Amino acid sequence: MRPGTAREASAAPPAPPLRADALRNRARLLAAAREVFAERGLDAPMATVARRAGVGVATLYRRFPTRDDLVRAAFAEQMDTCARVLDEAVADPDPWRGFQRLVETVCALQAEERGFPEAFVRAFPAAARAHTDAARAQAAEDFARLVVRAQAAGTLRPDFHPADFSMLLLAHGGLVAAAPADRASSRRLVAYLLESFRARPSRTALPSPGTLDLIAWPQPNTAAQPASPGA
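The numbering used here applies: residue 855 is where the sequence shown begins, and numbers increase by one.
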């Protein structure tokens, strides 16, 4: 859920400061990457990104040697926001409030940056830095724990599965793709979905989860149960 956040990257040796022209080129490349990824997906040609930024392909590769380096840098701010909100949600004594804020934040980022959801769920290749996979696994485990806590509190329906979050992103992403400027409809859909996730008496049971899954979520019953009050 949070691959390559700045918090983890801070352990790396500091890079030498960039010259003013290099900083401008970097900013143009990142802005162009977000635009192109939103229009054509994360597999859009790197040359298209360079052309949109008004720089040569060699300049792009000198700054971002691989596509995944560019993806991580382009959406670093959004990834850090998700990491922070997830940490806050896990720490929130009200698990439903934490769950709700996390869903609303991720969907708001999805509406603002149409390329972000693909970056959010993208499984970076094995050649990526080791902390990427570790961060994703830890975030998935944290989210699964949040689900268990909210279910134990009686606020999240007991048949919600962490993989349902992937379906939420796909459903909301379809709306954003069809009407990217319609933020009111985006907020309304998210509110509808959150209401459907609330625990209610006499709910009709959901069908079993399907095979679609974009993130390797832990099984809910393997997530750590919350400690009982006073433990």
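For each residue, glycine too, the CB sits at the ideal point set by N, CA and C. Quick caveat, the model's predicted, so the values are computed rather than measured.
Candidates the options: closest to residue i by CA position
{"i": "A962", "options": "L914, F1051 and R1042", "result": "R1042"}
{"i": "R955", "options": "A1045, A1053 and P1055", "result": "A1045"}
{"i": "D923", "options": "M900, P947 and A874", "result": "M900"}
{"i": "E1049", "options": "L1029, A1032, G1028 and E958", "result": "E958"}
{"i": "A876", "options": "R990, L896, G910 and D897", "result": "G910"}
{"i": "E889", "options": "E931, V960 and E966", "result": "E966"}
{"i": "V925", "options": "A912, G895, R905 and P947", "result": "G895"}
{"i": "D948", "options": "V1001, R1037 and H1026", "result": "V1001"}
Per-residue DSSP class, three states only, for residue i
{"i": "R888", "result": "helix"}
{"i": "L1010", "result": "strand"}
{"i": "R873", "result": "coil"}
{"i": "R1003", "result": "helix"}
{"i": "R926", "result": "helix"}
{"i": "R1052", "result": "strand"}
{"i": "H985", "result": "At H985 the pLDDT is 49, less than 50, meaning the model places this residue with poor confidence; the figure from the coordinates comes in the next sentence. H985 falls in the helix class under three-state DSSP."}
{"i": "R968", "result": "coil"}
{"i": "A898", "result": "coil"}
{"i": "T1058", "result": "coil"}
{"i": "T920", "result": "coil"}
{"i": "D948", "result": "coil"}
{"i": "G910", "result": "coil"}
{"i": "R1036", "result": "Here residue 1036 turns out to be Asp, not Arg, going by the sequence shown. Reduced to three states, the DSSP call for D1036 is coil."}
{"i": "A1017", "result": "coil"}
Under 8 Å between C-beta atoms of residue i and residue j
{"i": "G1008", "j": "A943", "result": "no"}
{"i": "D1018", "j": "L940", "result": "no"}
{"i": "Q993", "j": "W950", "result": "The question names Gln, yet the displayed sequence has Ala at residue 993. Their beta carbons are not under 8 Å apart, which means A993 does not touch W950 by this criterion."}
{"i": "A945", "j": "A887", "result": "no"}
{"i": "R882", "j": "G908", "result": "yes"}
{"i": "F891", "j": "A898", "result": "yes"}
{"i": "L1010", "j": "F953", "result": "yes"}
{"i": "Q932", "j": "V1030", "result": "no"}
{"i": "L1047", "j": "L1022", "result": "yes"}
{"i": "S1039", "j": "H1026", "result": "no"}
Heavy atom of the ligand PLP within 7 Å of residue i beta-carbon
{"i": "A901", "result": "In terms of ligand content, the structure shown is empty, and the ligand PLP therefore cannot be addressed."}
Contact between the region 966–973 and the region 1009–1016 is defined here as three or more beta-carbon pairs at a separation below 8 Å; is this criterion met? no
Counting pairs of beta carbons, one from the region 929–938 and one from the region 909–920, are three or more of them closer than 8 Å? no
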